[in-house]
Amino acid sequence: MRRRSFICAGIGAMAAVATIAARSGMRRHSGAALAFGTTIGITLMHDDARQAQLAIEDALSAAQSVDRLMSIYNRASQVYQLNRDGVLARPHPHLLAVLAQARELSRLSDGAFDITVQPLWQTFSAAAQQSALPSDQQRRRAHGLVDWRQLDFDSRQARLRGAGMAITLNGLAQGYAADLALAAVQARGVRHALIDAGEFVARGRRRGADPWTLGVRDPREADALAATLYIDGCGVATSGDYEAAFTPDFAHHHIFDPALGDSPTELASVTVLAPNGMLADGLSTAFMVMGRDRARAMAAQLPGVDLMTIDKQGGVWRSATFPPTA
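Residue numbers (the UniProt record's numbering): 1 to 326.
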């Protein structure tokens, strides 16, 4: 799954938290677990320690369940089985929800978002193990297997029409996991929470009147920030060419343009704010493929969506209502 694109700015000094706790009864609670090949984390403010702990356990369990269903590596996952067999009986409702979002994003983006790009990832990854790029013939063969319209699904089965086709939900699953985790903490009565499943969702405040804070990393300097965001009531996701690059110049990386059969050439990173984590996750991938101008036009038509793009020359563009940066 996707590697970290954000740096959490954290809750603040413990002395400050203690002061708030004494005034309001709110205390900071946190927990973490392994999923998506990384560590996922839950941070919340709540006045009942027992309920807070139960909320964290429920949230982590919900996120891990998405990983178990949608991993492309776990032989027991439904996505692995679909890729292996070309057909899957009785898809889980969570998988159906993510597949439906994928289809809608493919339609809205005119195919720029496409979960059937997995053969391209496999082909480039195999070549990278030999410190090479795929041959033109290898790339054309993989490219010929990419077409989101060749995936059929309903509650009875999911089916890939073409032999050798495969899907990846890496552009949606972590955002969906964050959404489920947030729903789990809210079901326990928690109103102030930050969910980090590789993509982020946040509700309420981190302490007092202070909003949750995220730092967006610079696409070319791993220890530098391109922006610091104050967020509440939204999902946040970043896609970048640096996350899994096949070449040192970042020209070839883990995001693929389905029209090219290779990586998009304009942008180094895209950060998206959206009403939920899954939509932010998917749009960040779609917008990387579409480039700034097409992404800007599409975002303007979607309620509650804002974006920041950074091109390969370092040029930054933000939509008009993108949150002010600290």
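Glycine residues also receive a C-beta, built at the ideal position from the N, C-alpha and C atoms.
For residue i, which three-state DSSP category applies?
i	result
isoleucine 167	coil
leucine 283	helix
glutamine 157	strand
valine 190	coil
alanine 177	helix
arginine 140	helix
alanine 251	coil
alanine 245	strand
alanine 299	helix
threonine 325	strand
glycine 10	Note on glycine 10: pLDDT 39, under 50, position unreliable in the model; the coordinate value appears next. Correct three-state label for glycine 10: coil.
Based on DSSP bridge pairs, tell me the residues matched to residue i.
i	result
valine 270	Ser239 and Thr309
valine 201	Ile195 and Gly235
leucine 151	Leu160
leucine 225	Arg217
valine 316	Ile310
aspartate 114	Note: aspartate 114 sits in no beta bridge, so no partner.
arginine 207	Asp210
residue 342	In the structure as shown, the chain starts at 1 and stops at 326, and residue 342 therefore has no counterpart that could be examined.
Tell me where the alpha helix (DSSP H) around residue i begins and ends.
i	result
leucine 95	93-108
leucine 214	Where leucine 214 is concerned, there is no enclosing alpha helix (DSSP H), although the beta strand (DSSP E) it sits in stretches over 212-217.
alanine 132	Premise fails: alanine 132 is in no alpha helix (DSSP H) and is neither H nor E.
Considering just the uninterrupted stretch of the beta strand (DSSP E) at residue i, what are its terminal residues?
i	result
leucine 88	87-89
Pick out the complete beta strand (DSSP E) segments inside the stretch 12-82, 3 residues or longer, and give them in chain order. As far as the stretch 12-82 is concerned, its whole beta strand (DSSP E) runs of at least 3 residues are 27-35 and 38-46.
Would you check if the stretch 126-141 and the stretch 187-200 touch, i.e. whether three or more CB-CB distances between them fall below 8 Å? No, the stretch 187-200 is not in contact with the stretch 126-141.
Closer than 8 Å is the cut-off here; do at least three beta carbon pairs connect the stretch 284-292 with the stretch 304-315? The stretch 284-292 makes contact with the stretch 304-315, as at least three CB pairs between them are under 8 Å.
Are at least three pairs of beta-carbons, each pair with one atom in the stretch 158-167 and one in the stretch 271-287, less than 8 Å apart? Here the stretch 158-167 does not lie against the stretch 271-287, with fewer than 3 beta-carbon pairs under 8 Å apart.
Does the contact criterion of 3 or more C-beta pairs under 8 Å hold for the stretch 88-95 versus the stretch 141-158? Segments in contact, yes.
Can at least three beta-carbon pairs, one atom from the stretch 259-270 and one from the stretch 135-143, be found at a separation below 8 Å? In short, these stretches touch, since the Cβ pair count reaches three.
Hey, is the stretch 113-123 in contact with the stretch 225-239, meaning 3+ C-beta pairs nearer than 8 Å? Under the 8 Å Cβ criterion, the stretch 113-123 does not count as touching the stretch 225-239, having fewer than three qualifying pairs.
Check whether the stretch 226-240 and the stretch 311-323 are in contact - that is, three or more C-beta pairs closer than 8 Å. The stretch 226-240 vs the stretch 311-323: in contact.
Within 8 Å, do at least three Cβ pairs link the stretch 240-257 to the stretch 118-126? They touch, by the three-pair rule.
Between the stretch 60-77 and the stretch 201-212, are three or more C-beta pairs nearer than 8 Å? No: the two stretches stay apart, fewer than three of their Cβ pairs being nearer than 8 Å.
Below 8 Å, can you find three or more Cβ-Cβ pairs linking the stretch 61-70 to the stretch 145-154? No, because fewer than three Cβ pairs between the stretch 61-70 and the stretch 145-154 fall closer than 8 Å, the two stretches do not touch.
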